[in-house]
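Trainee:
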Amino acid sequence: MSEQNVARLVDKLSTMRGAALKLGQFLSIQETKLLPPQIEQVLLRVQNSANYMPVWQMNQVMSAELGANWREQFSQFEDVPFASASIGQVHSAVLRDDFPDATMAGQRVAVKVQFPGVLESIDSDLSYLRWLVSASALLPKGLFLENTLRVLGRELKDECDYTREAEMGRRFGAILHDSAEFEVPKVVDSLCSGKVLTTEMMRGRPLSQASRYPQETRDRIAHSILNLSLSELFRFRLMQTDPNWSNFLYNERTAKIQLIDFGATREYSKTFMDNWLSMLQAAIAGDYDNCIIWSRKVGYLTGDESEGMERAHVESMIALGEPFRPDAPDPYPFEHQTITDRVKAQIPLMLRERLTPPPQETYSLNRKLSGAFLLCARLKAHVSCRSLFEAIEKDYRFGPEVAADPVAASSTSGPFSSPGQRRHFHLAFRAQRQHGRNLLDRFPRSKLVLSDPGPASGSPSIGDAVESLSPDPSFSSSIQPTPAHAVESDTQIDVVRAATPAEVSPPPTSASAEQPSMGPTLIRGIVIPLKPPPPGPEECCMSGCAHCAYDIYAEDLEDFHSRLSSVRTQLTQLHPPVSKDEWRTDLLGDYPIAGGNAETDKERKERAQQEVDRVIGDLDPTMKAFLEMERKLKRQERDKAQVQTA
Numbered sequence: 001m002s003e004q005n006v007a008r009l010v011d012k013l014s015t016m017r018g019a020a021l022k023l024g025q026f027l028s029i030q031e032t033k034l035l036p037p038q039i040e041q042v043l044l045r046v047q048n049s050a051n052y053m054p055v056w057q058m059n060q061v062m063s064a065e066l067g068a069n070w071r072e073q074f075s076q077f078e079d080v081p082f083a084s085a086s087i088g089q090v091h092s093a094v095l096r097d098d099f100p101d102a103t104m105a106g107q108r109v110a111v112k113v114q115f116p117g118v119l120e121s122i123d124s125d126l127s128y129l130r131w132l133v134s135a136s137a138l139l140p141k142g143l144f145l146e147n148t149l150r151v152l153g154r155e156l157k158d159e160c161d162y163t164r165e166a167e168m169g170r171r172f173g174a175i176l177h178d179s180a181e182f183e184v185p186k187v188v189d190s191l192c193s194g195k196v197l198t199t200e201m202m203r204g205r206p207l208s209q210a211s212r213y214p215q216e217t218r219d220r221i222a223h224s225i226l227n228l229s230l231s232e233l234f235r236f237r238l239m240q241t242d243p244n245w246s247n248f249l250y251n252e253r254t255a256k257i258q259l260i261d262f263g264a265t266r267e268y269s270k271t272f273m274d275n276w277l278s279m280l281q282a283a284i285a286g287d288y289d290n291c292i293i294w295s296r297k298v299g300y301l302t303g304d305e306s307e308g309m310e311r312a313h314v315e316s317m318i319a320l321g322e323p324f325r326p327d328a329p330d331p332y333p334f335e336h337q338t339i340t341d342r343v344k345a346q347i348p349l350m351l352r353e354r355l356t357p358p359p360q361e362t363y364s365l366n367r368k369l370s371g372a373f374l375l376c377a378r379l380k381a382h383v384s385c386r387s388l389f390e391a392i393e394k395d396y397r398f399g400p401e402v403a404a405d406p407v408a409a410s411s412t413s414g415p416f417s418s419p420g421q422r423r424h425f426h427l428a429f430r431a432q433r434q435h436g437r438n439l440l441d442r443f444p445r446s447k448l449v450l451s452d453p454g455p456a457s458g459s460p461s462i463g464d465a466v467e468s469l470s471p472d473p474s475f476s477s478s479i480q481p482t483p484a485h486a487v488e489s490d491t492q493i494d495v496v497r498a499a500t501p502a503e504v505s506p507p508p509t510s511a512s513a514e515q516p517s518m519g520p521t522l523i524r525g526i527v528i529p530l531k532p533p534p535p536g537p538e539e540c541c542m543s544g545c546a547h548c549a550y551d552i553y554a555e556d557l558e559d560f561h562s563r564l565s566s567v568r569t570q571l572t573q574l575h576p577p578v579s580k581d582e583w584r585t586d587l588l589g590d591y592p593i594a595g596g597n598a599e600t601d602k603e604r605k606e607r608a609q610q611e612v613d614r615v616i617g618d619l620d621p622t623m624k625a626f627l628e629m630e631r632k633l634k635r636q637e638r639d640k641a642q643v644q645t646a
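In UniProt numbering, the protein residues as written are 1 to 646.
(1) Report the rounded CA-to-CA distance for His91 versus Ser565, giving the unit in angstroms.
(2) Among Asp618, His177 and His561, which residue has its Cα nearest to the Cα of Glu599?
(3) Would you check if the distance between the CB atom of Val314 and the CB atom of Thr198 is smaller than 7 Å?
(4) Would you kindly check if the distance between the Cβ of Arg205 and the Cβ of Pro250 is under 7 Å?
(5) Consult DSSP for Gln360 and reduce its assignment to one of helix, strand or coil.
(6) Kindly provide the ranges of any alpha helix (DSSP H) runs that are 4 or more residues long and lie completely inside the stretch 332 to 399, ordered along the chain.
(7) Run the proximity test for Glu555: is its beta-carbon closer than 6 Å to any non-hydrogen atom belonging to the ligand ZN?
(8) Checking 7 Å against the spacing of the C-beta atoms, do Leu349 and Ala312 come in under that value?
(9) Could you name the residues of the same chain whose beta carbon sits closer than 6 Å to that of Phe99, not counting the 5 residues immediately before and after it, in chain order?
(10) Suppose you measure from the CA of Leu176 to the CA of Lys256; what does that come to, to the nearest Å?
(11) When you compare the CB positions of Arg218 and Ala381, do they come within less than 7 Å of one another, or not?
(12) Can you tell me whether Phe99 is helix, strand or coil according to DSSP?
(13) Could you give the residue range of the alpha helix (DSSP H) that holds Asn59?
(14) Counting along the chain, where does the beta strand (DSSP E) carrying Asn69 start and finish?
(15) Mind checking Ser63: buried by the 16 CB within 10 Å criterion, or exposed?
(16) In this structure, how does DSSP classify Arg266 when only helix, strand and coil are distinguished?
(17) Is Asp639 helix, strand or coil when you go by DSSP?
(18) I need the DSSP call for Gln107, collapsed to helix, strand or coil.
(19) Give the straight-line distance between the Cα atoms of Glu628 and Lys602, rounded to the nearest whole angstrom.
(20) Assuming the contact rule is C-beta atoms closer than 8 Å, Leu119 and Gly153 should be a hit. Round their C-beta distance to whole Å, please.
(21) Return the CA-CA distance between Phe272 and Lys186, expressed in angstroms with no decimal places.
(22) Taking the alpha-carbon of Arg378 as reference, which of Ser121, Glu200, Thr340 and Arg635 has the nearest alpha-carbon?
(23) Our contact map puts Leu375 next to Trp276 with C-beta atoms below 8 Å; I'd like the distance itself, whole angstroms only.
(24) Per DSSP, what are the beta-bridge partners of Lys112 in this structure?
(25) Rounded to the nearest angstrom, how far is the Cβ of Thr169 from that of Val184, given a contact under 8 Å?
(26) Measuring CB to CB, does Val383 end up less than 7 Å from Ala222?
(27) Between the alpha carbons of Gly299 and Gln57, how many angstroms are there, rounded?
(28) Is the beta carbon of Thr265 closer than 7 Å to that of Lys368?
(29) Please report the residue range of the alpha helix (DSSP H) in which Lys297 lies.
(30) According to DSSP, simplified to helix, strand and coil, what is Tyr250?
(31) Quick check on Ile593: buried or exposed, where buried means 16 or more other Cβ atoms within 10 Å of its Cβ?
(32) Please work out which residues of its chain come closer than 8 Å, Cβ to Cβ, to Val343, disregarding the five sequence neighbours upstream and downstream, and give them in chain order.
(33) Closest to Leu191 by C-alpha separation, out of Arg604, Asp101 and Ser124, would be which residue?
(34) Taking Gln610 as part of the beta strand (DSSP E), name the residues at either end of that continuous run.
(35) By the three-class DSSP mapping on this structure, what secondary structure does Glu582 have?
(36) Determine the closest residue to Tyr396 out of Ile552, Phe74 and Gln281, with distance taken between C-alpha atoms.
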């Protein structure tokens, strides 16, 4: 392509948002050198330059979807979103105390609002992409452009359907409702539509920060990632296929993995999964001939391919199955794995000689599995993969699907619900409202860095975590920033105001995060909350975050003080009440004084902010100056938003 044509293409892709992002995501799992560097750069820029709507436009969308009086459902609603990407943006809000759903009343929620015009522009954008790529001969014929764009369009339309995403969230919530390892945010049904999705706000760190955990913890996280991924395929046949690891949070206080963003969830037929598992089993066994046979049944091969094409395909499948082989190291050392490189080495030949497009199901499936392996590698984890796969083989039943026996389902040997338990809901109708496309006045958006409330020493034992990583994390249609915080509501009980450890104790050092957990502290069976650790300098990206790590730390401190206040009151109301000798001043602060005044929300917020100010004051002068400047700019932005609202 000439430089002039590349420049023209760059300009057009920059306006296409979702479609361009999907194309980049797909190409990222194929081969990184397929496109001219200028095009790769614009796809990266589209990913990293997500904007957000001005307040008036967000109000228009919310009013059209939830009614003109939608704000009455909330006691608090942040007009400036804390996360934004190609399809929509996410706001933090608090439901009113008398909200009809008593289980969610007063709770903090995440409200995802879709940009107007995104859904309506998909077909036209993909048509332009089709013409653009065809005319410029950008992609090799082995990518089968028509099939690729058809799959991309279907995935993008699914991800724009928030009614579908809410349904998938409910289904995963039903599957994992009694899990000791995972949490799924509750969907607030009355505040959802085709373009608005409201869910419980989850608190946790994205697993991109999991490298700070000790080896044992990282191994358990990786073990859980693979276990969930295999279960999604072969137990649920329902997989959240977006490999962006920002979709998986770890709550150090509850020791659970929190799963968010179900827009990219895919369902697989029993016939497809029977064939795909048989192909994988043949690859694991090193059975070349049977791998060819099952690959034809799956749809990877036609039977007319060259010997080189067949060999390249089988070699890639054998590499994929390597961790599950009986002769593989146990546990398998992902730090030294070469799986992804070996698969990538086969791609150029397969793109030249492939005779049929890959089955539609495999686009997202391969993306997720590749992401899971890469995450394990980044965690430098050691996982007993063979035992995981043996459990899958033991539970799996080939052949036509039969109605589930409730008794058998409840006694399944797997760690999750059985496949027969997965259809708890039916998909609702899609919302069909139309919107304009005026997005010219979007504000610049900042990237979010997350900090979490968990104790510096980690949880009692980080439960098997679940997460995945994109082969190229820069490409994902999911919202990249992770929800920054959530209120796990504890009863708000007035308590006598007294100094607490948050005021009198020095902040934990960053090194404490690497220490093994000592377990929760209990007094008469009541768990004492631990003060969250402050973010380290490495957690501040100095890029103007929409929700800075130190802002999140302030919110974590507010929540900590609230929970500590509740615990202090509970202890003094026991019969007999906790004596001064039993009272742990290092954890609880001074013993309550009768007749003292309870701390107000405003006082709690101010106290938390003072602590954060002390932490920032100890930073190096450059970072301190940067954070002070950012705070000033954010105050100006909030004032501007308030003026627009008025």
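We treat Cβ as the ideally placed atom computed from N, Cα and C, and that holds for glycine. Just so you know, these numbers come straight off a predicted model, no measurement behind them.
Mentor: Considering the structure as presented:
(1) Taking the straight line from one Cα to the other gives about 28 Å.
(2) When each option's Cα is compared against that of Glu599, the closest is His561.
(3) For Val314 and Thr198, no; Cβs fall outside 7 Å.
(4) At residue 250 the sequence reads Tyr, which differs from the Pro that was named. Against a cut-off of 7 Å, the Cβ pair of Arg205 and Tyr250 comes out as a contact.
(5) Here Gln360 sits in helix by DSSP.
(6) Complete alpha helix (DSSP H) runs here, min 4: 339 to 353, 360 to 378 and 385 to 395.
(7) By its list of ligands, the structure shown contains no ligand whatsoever, and the ligand ZN lies outside what it can speak to.
(8) Going by C-beta atoms, Leu349 is nearer than 7 Å to Ala312.
(9) For Phe99, where only same-chain residues beyond five positions count, the Cβ hits under 6 Å are Ala105.
(10) Looking at the two C-alpha atoms, the distance is approximately 12 Å.
(11) Contact: yes.
(12) Reduced to three states, the DSSP call for Phe99 is coil.
(13) Annotation: the continuous alpha helix (DSSP H) that includes Asn59 extends over Val55 to Leu66.
(14) Following the DSSP letters along the chain, one finds Asn69 in no beta strand (DSSP E), marked with neither H nor E.
(15) Exposure of Ser63 is indicated by the presence of fewer than 16 other C-beta atoms within 10 angstroms of its C-beta.
(16) Look at Arg266 here: in three-state DSSP terms it is strand.
(17) Of the three classes helix, strand and coil, the one that applies to Asp639 here is helix, per DSSP.
(18) In the three-state reduction of the DSSP assignment, Gln107 falls in the coil class.
(19) Rounded to whole angstroms, the gap between the alpha carbons of Glu628 and Lys602 is 22 Å.
(20) About 11 Å separates the beta carbon of Leu119 from that of Gly153, a gap too long to meet the 8 Å contact definition.
(21) For Phe272 and Lys186, the distance between alpha carbons rounds to 31 Å.
(22) If we check each option's Cα against that of Arg378, Thr340 comes out closest.
(23) Contact flag wrong, Cβ pair sits at about 21 Å.
(24) BP columns for Lys112 point to Val90 and Leu197.
(25) The sequence given here has Gly at residue 169, not Thr. Rounded to whole angstroms, the Cβ separation of Gly169 and Val184 is 6 Å, and the two are in contact under 8 Å.
(26) Val383 is a Cβ neighbour of Ala222, given a cutoff of 7 Å.
(27) Gly299 and Gln57 have their C-alpha atoms roughly 46 Å apart.
(28) Cβ distance not < 7 Å, so Lys368 and Thr265 don't count as in contact.
(29) It spans Tyr288 to Val298 - the alpha helix (DSSP H) in which Lys297 sits, taken as one unbroken run.
(30) In the structure shown, Tyr250 sits in a strand (DSSP, three-state: E or B).
(31) Classification for Ile593: exposed.
(32) The residues are Ser316, Ala319, Leu320 and Ser370.
(33) Each of Arg604, Asp101 and Ser124 was checked against the Cα of Leu191, and the nearest Cα belongs to Asp101.
(34) Element bounds for Gln610: not the beta strand (DSSP E) but the alpha helix (DSSP H), Asp601 to Gly617.
(35) In the structure shown, the three-state DSSP call for Glu582 is coil.
(36) Selected option, being the one with the closest Cα: Gln281.
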